[in-house]
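Trainee: Each residue of the sequence shown is one higher than the last, beginning at 1 in the working numbering.
Backbone N, C-alpha and C define an ideal beta-carbon position, used for all residues, glycine too.
One structure coming up, written as structure tokens, with questions to follow.
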Amino acid sequence: MASLLTVAELKEMLKDAELPTYGLKSEMVTGLLSAGVSLRIVSASEETAERQSDEVLWETTGIMDTVVDPSTSNQRRVSLRTMSTVVTEKEVDLLRRERDVAQREAELLRRELELLRVTPRSESGRLMVRLAELKGSLIFTYSNAAGEPPFP
């Protein structure tokens, strides 16, 4: 557990917790644990994903050029939480809008299907006209061959 954290990271955590930043690495870890600080172990892939999400967060909020005093790490954390909340609210708003658009599209498709059910298709209409013409010509041909009038 302690081997995954660097001494620099441990010292920063100790500094944030207002604990002494000297001693062996194991003593630093023990001091943090006894102070109630949780040591979150992050794998390399999780760390990369977390850094990428932080970069996206900085880019989307547009405050990349803001200067933050390094001694105010608590303010930085609060600022990141606030930015994360803003991004989350934007994502929720975007998802709601997408849902509304999808609902409108579904309603339009329902109406279109209803219109298609009620109105005959143009091809089937043309086919019916063609069948009527063929029937008429067959009746005419048959009646002429029999010597009868075409329509009684």
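1) Might you give, ordered along the chain, the residues of its own chain that have their beta carbon closer than 8 angstroms to the beta carbon of residue 98, omitting 5 neighbours on each side?
2) Decide if residue 101 is buried, meaning its Cβ has at least 16 other Cβ atoms within 10 Å, or exposed.
3) On the criterion of 16 or more Cβ atoms from any shown chain inside 10 Å, does residue 10 qualify as buried, or is it exposed?
4) Just checking my contact of residue 17 with residue 32 at CB under 8 angstroms: how many whole Å lie between their CB atoms?
5) Would the beta-carbon of residue 28 fall within 8 angstroms of that of residue 39?
6) Helix, strand or coil for residue 6 per DSSP?
7) At what residues does the alpha helix (DSSP H) containing residue 27 begin and finish?
8) Could you have a look at residue 95 and say whether DSSP puts it in helix, strand or coil?
Mentor: According to the structure shown:
1) In the sequence shown, the residue the question calls residue 98 occupies position 98. Counting only Cβ-Cβ distances below 8 angstroms, and skipping sequence neighbours, we find nothing.
2) Counting from 1 along the sequence shown, the entry for residue 101 is found at position 101. Exposed, because fewer than 16 other Cβ atoms sit within 10 Å of the Cβ of residue 101.
3) Your numbering for residue 10 matches position 10 in the sequence shown. When all chains shown are included, residue 10 counts as buried.
4) Translated into positions along the sequence shown, residue 17 becomes position 17. Translated into positions along the sequence shown, residue 32 becomes position 32. About 7 angstroms; that satisfies the 8 angstroms criterion.
5) Looking up residue 28 in the sequence shown gives position 28. Looking up residue 39 in the sequence shown gives position 39. No, these two residues do not count as a Cβ contact at 8 angstroms.
6) As a working note, residue 6 is residue 6 in the sequence shown. The answer is coil: DSSP assigns residue 6 none of H, G, I, E or B.
7) Here residue 27 refers to the residue found at position 27 when the sequence shown is read from its first residue. It spans 25 to 34 - the alpha helix (DSSP H) in which residue 27 sits, taken as one unbroken run.
8) Against the sequence shown, residue 95 aligns to sequence position 95. Residue 95 falls in the helix class under three-state DSSP.
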